[in-house]
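K.L.:
Shown below is the structure under consideration.
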Amino acid sequence: MEKVCLSCGEKLIGRSDKKFCSDSCRNNYHHSQHGAQTNFMRNINNILRRNRAILSSLNPNGKISLRKSMLDKAGFNFRYFTHTYTTKEGKVYYFVYDQGYVKLEGDYFALVCNTDI
Numbered sequence: 355m356e357k358v359c360l361s362c363g364e365k366l367i368g369r370s371d372k373k374f375c376s377d378s379c380r381n382n383y384h385h386s387q388h389g390a391q392t393n394f395m396r397n398i399n400n401i402l403r404r405n406r407a408i409l410s411s412l413n414p415n416g417k418i419s420l421r422k423s424m425l426d427k428a429g430f431n432f433r434y435f436t437h438t439y440t441t442k443e444g445k446v447y448y449f450v451y452d453q454g455y456v457k458l459e460g461d462y463f464a465l466v467c468n469t470d471i
């Protein structure tokens, strides 16, 4: 039984344990196997990076209160964050890396920066 390249199906010549006819076929095969997962993670990382940049730009001094509409207008995505912190009083701070926010009364949010990270 003759072996064929896992990527293009071309007949393999050489070592008995060879799986690909060229480096390009090997790369194409592995990229096709992991491409969807990599794209998924890349999209999430891009959203997190954009969220952090928005929080950083709106909070240059480390702490500020603002309306939710300011975050919405900037394109902030509230579904993506890296971690949370719950205070003893039960307030939940949502963080995107070192930049965080907490819901206040009404339509306001407090933006904070965690420099301890």
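Residue numbers (our numbering): 355 to 471. Idealized CB from N, CA, C, for every residue including glycine. As the structure is a computational prediction, the values presented were derived from the model and not from experiment.
Where do the N-terminal and C-terminal ends of the alpha helix (DSSP H) with Ser-410 fall, by residue?
P.N.:
Note, Ser-410: alpha helix (DSSP H), 377-412.
K.L.:
Secondary structure at Lys-427, three-state DSSP: helix, strand or coil?
P.N.:
DSSP places Lys-427 in helix when its eight states are reduced to three.
K.L.:
Quick check on the DSSP output: the beta strand (DSSP E) that includes Cys-467 runs from which residue to which?
P.N.:
Here the beta strand (DSSP E) through Cys-467 covers 462-467.
K.L.:
Per DSSP, what kind of secondary structure is Lys-372 in: helix, strand or coil?
P.N.:
Here Lys-372 sits in coil by DSSP.
K.L.:
Assuming Asp-438 is part of the beta strand (DSSP E), what are its boundary residues?
P.N.:
The residue asked about is misnamed: residue 438 is Thr in this sequence, not Asp. Here the beta strand (DSSP E) through Thr-438 covers 437-440.
K.L.:
In three-state terms, what does DSSP make of Lys-365?
P.N.:
Three-state result, Lys-365: strand.
K.L.:
Drop a sphere of 10 angstroms on the beta-carbon of Gln-493, count the other beta-carbons inside from all chains shown, and report buried for 16 or more, exposed for fewer.
P.N.:
With the chain running from 355 to 471 in the structure shown, residue 493 is simply not present.
K.L.:
Measuring straight from C-alpha to C-alpha, what distance separates Ser-370 and Tyr-383?
P.N.:
Ser-370 and Tyr-383: Cα-Cα distance of roughly 19 Å.
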